[in-house]
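Okay, so here's the structure we're looking at.
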RNA sequence: GGUGAGGUAGUACAGUCCGGUAGUGCAUGGGCCUGCAAAGCCUAGAGUCGGGAGUUCAAAUCUCUCCCUCACCUCCA
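Numbering (the numbering used here), first residue to last: 1465 to 1927.
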């Protein structure tokens, strides 16, 4: 049984579910290209989802797009296009980036603009119940009406008021009340019972999670920086509406920092997914993002990314040594290794999704395979036992190793044969020509004592 | 100031909940394999677990205290 640290109760909590695990992940605001910080959060949830599914647990995974928001409108004005066009553009970029990162598509990617009516229904209900009130600027949630406000972020409403960095709006009953609906005549805007305008930020996630996952669901996640105010406000709205517990587990992902400082637009230290993907490829980025506990910060550096090239090479070697195994001898260590690594891998992930420890188990299996391969002791029987587990782990981690077609395989074998002939003749010049030629296709020959195997490597541009 | 998360070999992390004199990767040194390479493998060195105090037969792990870092408290993954 899996345990995940729940931000609300501040402790590891068993992931209980009846027939499926429902996950809502706060996605991105589509006003600019996604950066590596977004990627980390989404990679973590992608692996979580793959892990659950590998255990035959059905997962319903919802990830929203915020496609109406002040930043979108500002940016659209700058670029002299409509807000919807701008959002559409960056939504497309999002999928280009994250398909490139080998992220499995979510069950559904609902958009705020397509759920205006759902939000309005929710707001109406909150107004009726006096949890919300209308001013000349919009509709606001009355924080003081919700007893447990602050329970997620452990903030006291008194402190928030005295902090008073919130922009003062005299119309609001209380400075910490937040907008459900903002009046506005300019586009994009929608008619509503209270007046023309657009929704506040937090209400969309309440409306869409309620609609698709129900009043109460298993996991709600996002970056740590969303704990306050976004998730706190979601709880207030949703639980005021349903009178039920909203998410059962709140799972928050640590920030990506650069030189210890949070990656953000205002600091100007943002690394876009597009850029980093071009340099390092999906596998390196995934290994990098999974190399630390999901809840802690990870410092972005080229040095750390580079370390993962070595890991990737070992992974690739392992895969191809297993694929190219020959001989029918038995190896008694296979079953033991399989059990150990599978066990360590799964229990690591079950224990608060400890990906660094899971990676250790993955690397342990790889090291053992490569070690045997160095001694030419990998047989088909051995590979038959180990390969499925290796592929299972790789699949969960979303590591996608470069494959070759059958034709390519034949041609590689031809080249190895030809090269061997040259080597027997001690015509090393010709032999090396073949090796160089094939290296151009990122295929590396590996000369063992008695035979030559090969690896198809992913080209890493930053290397 | 409030809240939360951290400080473990050169470096990046795990171990802390469930006390038993520290593990893993990378880097570095040496070696194996090779026609030479590459890839891979083997092996070695490296830590008073932020400081101090306490509980205990025993503390990285529990308690207290101090120091430092970061995040959130305004939009943020």
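Using N, Cα and C, we set each Cβ at its ideal position, and we do this for glycine too.
Given the structure is predicted, the values throughout are model-derived calculations rather than measurements.
Residue i vs residue j beta-carbon contact at 8 Å
i: residue 1716; j: residue 1750; result: no
i: residue 1570; j: residue 1652; result: no
i: residue 1757; j: residue 1814; result: no
i: residue 1908; j: residue 1921; result: yes
i: residue 1646; j: residue 1664; result: yes
i: residue 1780; j: residue 1865; result: yes
i: residue 1834; j: residue 1889; result: no
i: residue 1617; j: residue 1549; result: no
i: residue 1764; j: residue 1713; result: no
i: residue 1517; j: residue 1486; result: no
Where the beta strand (DSSP E) through residue i begins and ends
i: residue 1908; result: 1907-1911
i: residue 1524; result: 1523-1527
i: residue 1642; result: 1642-1647
i: residue 1596; result: 1596-1598
i: residue 1511; result: Here residue 1511 belongs to no beta strand (DSSP E); instead the alpha helix (DSSP H) covers 1500-1518.
i: residue 1758; result: Counting along the chain, residue 1758 falls outside any beta strand (DSSP E), and DSSP gives it neither H nor E.
i: residue 1429; result: Shown here, the chain extends from 1465 to 1927; a query on residue 1429 therefore has no answer.
i: residue 1664; result: Careful: residue 1664 lies outside any beta strand (DSSP E) and carries neither H nor E.
The alpha helix (DSSP H) enclosing residue i, as first and last residue numbers
i: residue 1849; result: 1844-1861
i: residue 1820; result: 1819-1838
i: residue 1708; result: No alpha helix (DSSP H) holds residue 1708; DSSP gives it neither H nor E.
i: residue 1690; result: Taken as a continuous stretch (DSSP letters only), residue 1690 belongs to no alpha helix (DSSP H), as it is neither H nor E.
i: residue 1876; result: 1870-1888
i: residue 1783; result: 1766-1787
Secondary structure of residue i, DSSP reduced to three states
i: residue 1627; result: Since pLDDT at residue 1627 reaches only 47, below the 50 mark, its modelled position is unreliable, and no value is offered.
i: residue 1613; result: coil
i: residue 1815; result: strand
i: residue 1737; result: helix
i: residue 1470; result: strand
i: residue 1802; result: helix
i: residue 1572; result: strand
i: residue 1678; result: coil
i: residue 1715; result: strand
i: residue 1618; result: coil
i: residue 1545; result: coil
i: residue 1578; result: helix
i: residue 1556; result: helix
i: residue 1536; result: helix
i: residue 1892; result: helix
i: residue 1731; result: coil
i: residue 1744; result: helix
i: residue 1915; result: coil
i: residue 1564; result: helix
i: residue 1751; result: helix
Proximal residues to residue i (C-beta, below 8 Å), its chain only, five neighbours per side dropped
i: residue 1627; result: Bear in mind that the predicted position of residue 1627 carries a pLDDT of just 47, short of 50, making it unreliable; the figure below should be weighed with that in mind. None.
i: residue 1637; result: 1597, 1604, 1606, 1608
i: residue 1798; result: 1845, 1846, 1849, 1850
i: residue 1943; result: Residue 1943 lies beyond the range of the chain shown here (1465 to 1927); nothing can be said about it.
i: residue 1916; result: 1880, 1883, 1884, 1909, 1910
i: residue 1469; result: 1475, 1476, 1477, 1715, 1759, 1816
i: residue 1635; result: 1599, 1600, 1601
Other residues of its chain near residue i: CB distance less than 6 Å, five sequence neighbours each side excluded
i: residue 1679; result: 1706, 1708
i: residue 1926; result: 1743, 1744
i: residue 1533; result: 1493
i: residue 1899; result: 1909
i: residue 1828; result: 1805
Nonlocal neighbours in the same chain, by C-beta distance under 7 Å from residue i, ignoring five residues either side
i: residue 1481; result: 1682
i: residue 1551; result: 1494, 1531, 1536
Problem - Contact the stretch 1834-1848 vs the stretch 1711-1729: 3+ CB pairs below 8 Å - result: no
Problem - the stretch 1485-1497 / the stretch 1790-1804 touching (three or more Cβ pairs under 8 Å) - result: no
Practice task
Decide yes or no for the touch test of the stretch 1800-1807 against the stretch 1757-1774: beta carbon pairs closer than 8 Å, at least 3 of them.
Solution key: no
Handout entry: the stretch 1554-1567 contacting the stretch 1496-1512, beta-carbon criterion three pairs below 8 Å
Key = Enough Cβ pairs lie closer than 8 Å, so yes.
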